[in-house]
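Asker: Have a look at this one before I ask anything.
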Amino acid sequence: MNEAHLKNVIEAALFAAGRPLTVAQLVQLFAEHVRPSADAVRAQLHALAADYAPRGIEMKETASGFRVQVRPALAGEIARLWPERPPRFSRALLETLALIAYRQPITRAEIEAVRGVAVNPNIVKTLLERNWVRVVGQRDVPGHPELLGTTREFLDYFGLKTLDELPPLAQLTAMAEVNLQLDLGEEARARAVEEMHTAPLVLDEDSAEDEEPSAASAAARELVASGPAFEP
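This is how it looks when you write it as structure tokens:
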């Protein structure tokens, strides 16, 4: 097959899909008698990534595959296309999410023990509804509390391929203010790019929580910033 045609089909598919695509999915786009090998597809993905290097878009590999997205460095300018402000997340929600990500599997009681405050049920509800976390089992103790862990969608949203790529909490907080799934085809996703670095954290409707910062809460931020302490 002509390499230029293969490259163009892959590029068009990534723009049209609006979601990450795996190498296997890209291979299946072609008729059987002209179907390229996985290595050929990967070679063209790398070629596209090189083509995009000086441009405003980039190739990104996440847990669910490859996607083409707007470079986060251009967030400030691109955000002006969508004046509607994206949802913001409370610091309590981000601390809870970070503890789940770095210390999973973890129970709600264990999160509360680290943070020093009760976990608002709306926070866990929000994380479950966004499919960033899921119940992965139960702790074998009295009451059998649910164990929480992150999902593939969590990795995709934050532009991560594996849990090994988890950033420090400060970077995770910044990333939460920009949806990295910019596929240039879904306005709702693109609106989330606004004010990645400058906007303050405020409560959204689903994660309102009245609490005073505590020493344990600060310890939680320091704990998750130190990096993962588990085998993904």
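In the working numbering, the protein residues as written are 118 to 349.
All residues carry an ideal CB built from backbone N, CA and C; glycine is no exception.
1. Return helix, strand or coil for lysine 278, following the three-state DSSP convention.
2. Which term fits lysine 177, buried or exposed, when burial requires 16 or more other beta carbons within 10 angstroms of its beta carbon?
3. Out of curiosity, what's the CA-to-CA distance linking serine 324 and valine 241?
4. Does the beta-carbon of asparagine 239 have 16 or more other beta-carbons within 10 angstroms, so that it is buried, or is it exposed?
5. Could you check the C-alpha separation between alanine 141 and threonine 243 for me, to the nearest Å?
6. Can you look up valine 151 in the DSSP assignment and give me helix, strand or coil?
7. Taking the beta strand (DSSP E) that threonine 139 falls in, what are its first and last residues?
8. If you draw a straight line from the alpha carbon of isoleucine 127 to that of valine 158, how long is it in whole angstroms?
9. From Phe132, Ala134, Phe147 and Ala130, pick the residue whose C-alpha is nearest to that of asparagine 119; which is it?
10. Secondary structure at leucine 320, three-state DSSP: helix, strand or coil?
11. Pick from Gln221, Leu211 and Thr139: whose alpha carbon is nearest that of valine 253?
12. Name, in chain order, the residues that DSSP records as bridge partners for asparagine 179.
13. Rounded to a whole number of angstroms, what is the C-alpha to C-alpha distance between alanine 130 and leucine 138?
Answerer: On the basis of the coordinates in this document:
1. coil
2. Under a 10 Å Cβ-count criterion, lysine 177 is classified as buried, with 16 or more other Cβ atoms of the shown protein chains found around its own Cβ.
3. Residue placement at serine 324 cannot be trusted, given a pLDDT of 36 that sits under 50; what the coordinates show is reported in the next sentence. Cα to Cα, serine 324 sits roughly 9 Å from valine 241.
4. buried
5. 33 Å
6. helix
7. Element bounds for threonine 139: n/a, residue is neither H nor E.
8. In a straight line, the C-alpha of isoleucine 127 is about 8 Å away from that of valine 158.
9. Phe147
10. No answer about leucine 320 holds up, because its pLDDT of 29 lies below 50 and its placement is not dependable.
11. Gln221
12. The amino acid occupying residue 179 in the given sequence is threonine; asparagine does not appear at that position. The partner list for threonine 179 (beta bridge, DSSP) reads Gly182.
13. 8 Å
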